[in-house]
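Beneath this line is the structure, given in structure tokens, with notes to follow.
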Amino acid sequence: MTRTRVLAALIMAPAAILGILFLPTEWMVMLAALLFLAGLWEWLELAEIEDTLARTVLLVANLAMMVAIVWGSRGPSGFSLVLLQVATLIGVVWWLVALLWLGRPRFASDHDTHARVFKLAAGTLAVVPAWCALAWIHAEVPDGHYWLLAALGVVWAADTGAYFTGRKLGRRKLAPNISPNKTIEGMAGGVIAGVITGTLVGLLAGAEPHELGWVALVSMVAALASVIGDLFESLLKRHAGVKDSGHLIPGHGGILDRIDGVLAALPVFALGKAVAGF
């Protein structure tokens, strides 16, 4: 499994990096929308929306929300980032709420209508703000594409660092009622890897020496947020009684299994970058 996981990552990572660095923001945002909506499709399945037509309607509704945000951001003086920024802030608030939800893992664990409503709302609050944060970061000139690489690099490094550190050193369970395989040692190793990666790519993005402390701090918080995203998806899978959100990616599961940490980390990184001013 580890070999398959590494091989799949070696194929996906270069394609993602090339897209981030060389695609115009318009194309990057469209491809990200397709990816995020594919993840949302799996989220809806975990929320036990079994009817394909119902899932399609819900997916189209989220796509319409994305289109409306883009349409509302256009004006006579050019494209405004305000709606993207507001949605990003909403996303950060949502993940704080999600953290409280993780503390009560049995909440909405039944299979009635009310549980599905909560999980459907959670899907929109996770996917749309993350997409807006991605667009906001990438659209900033002149180095937005490098900063998006830094944000995603934090998540990728944190995920990889947690996986290998947990396998070698993991002893104490992080959230045994949600994801028994995750350990505190793995999380610590992942956060360290995320901070190092975010800081190094931040240098490439043009961060000044006096800004590196802020870059490291934002990277650390984003890495911790990615853990919340990962755990929340694990909670959904535990409620649904499945191991993976899908089987599209060998060794990795579904699309949502790959972007769960990204959904939480992107709004946090974007807002932290704006507040810190780098």
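Residue 273 in full-length UniProt numbering sits at position 273 of the sequence shown; the count goes up by one each step and never skips.
Just so it is clear, CB atoms sit at the ideal spot from N, CA and C, and this is done for glycine as well.
DSSP, reduced to helix, strand and coil, places Leu-23 outside both helices and strands of the structure shown, so it counts as coil. Gly-170 has no beta-bridge partner at all, per DSSP.
When the alpha-carbon of Thr-113 is set against those of Met-30, Ile-49, Gly-261 and Pro-129, the nearest one is in Ile-49. Looking from the CA of Asp-260, the closest CA among Gly-229, Val-117 and Met-12 belongs to Gly-229. Taking 4 residues as the shortest admissible run, the region 47-94 contains the following complete alpha helix (DSSP H) segments, listed from N- to C-terminal end: 52-73. Sixteen is the threshold: when 16 or more other Cβ atoms of the shown chains lie within 10 Å of the Cβ of Pro-267, as they do, the residue is buried.
Thr-183 is bridged by DSSP to Lys-173. When rounded, the separation of the alpha-carbon atoms in Asp-257 and Thr-160 is 13 Å. In this chain, the alpha helix (DSSP H) harbouring Glu-233 covers 212-240. The distance from the Cβ of Ser-73 to that of Leu-58 is about 23 Å, inconsistent with a contact at the 8 Å cut-off. In the pairwise beta carbon analysis, the region 50-70 is classified as not touching the region 102-110: fewer than three pairs are separated by under 8 Å.
Gly-253 sits in a strand when the DSSP states are folded into three classes. 9 Å or more divides the Cβ of Val-227 from the Cβ of Ala-150. By the Cβ-count criterion, Phe-79 is exposed, with fewer than 16 other Cβ atoms from all chains shown falling within 10 Å of its own Cβ. For the pair Ala-264 and Ala-126, the CB atoms are nearer than the 9 Å cut-off. Closest option to Ala-216, judged by alpha-carbon separation, among Phe-232, Val-191 and Ser-234: Val-191.
When DSSP states are grouped into helix, strand and coil, Arg-106 belongs to the coil group. Bounds of the alpha helix (DSSP H) holding Phe-118 are 113-139. With at least 16 other beta carbons inside 10 angstroms of its own, Ile-255 counts as buried.
Beta-carbon to beta-carbon, Glu-42 and Ser-245 are separated by about 4 Å, close enough to satisfy the 8 Å threshold.
Cβ contact annotation for Leu-21 (same chain, cutoff 7 Å, sequence separation greater than five): His-145 and Leu-149, in chain order. The Cβ-Cβ distance between Ala-276 and Glu-211 falls below 9 Å. With fewer than 16 other CB atoms across the displayed protein chains lying within 10 angstroms of its CB, Pro-14 is exposed. Between Gly-189 and the set Pro-180, Ala-157 and Leu-204, the nearest pair of CA atoms involves Ala-157. Between the alpha carbons of Ile-11 and Leu-18 lies a gap of roughly 12 Å.
Take the alpha-carbon of Val-262 and the one of His-239: they are about 21 Å apart. Residue environment analysis places Gly-198 among the buried positions, since at least 16 neighbouring C-beta atoms fall within 10 angstroms of its C-beta.
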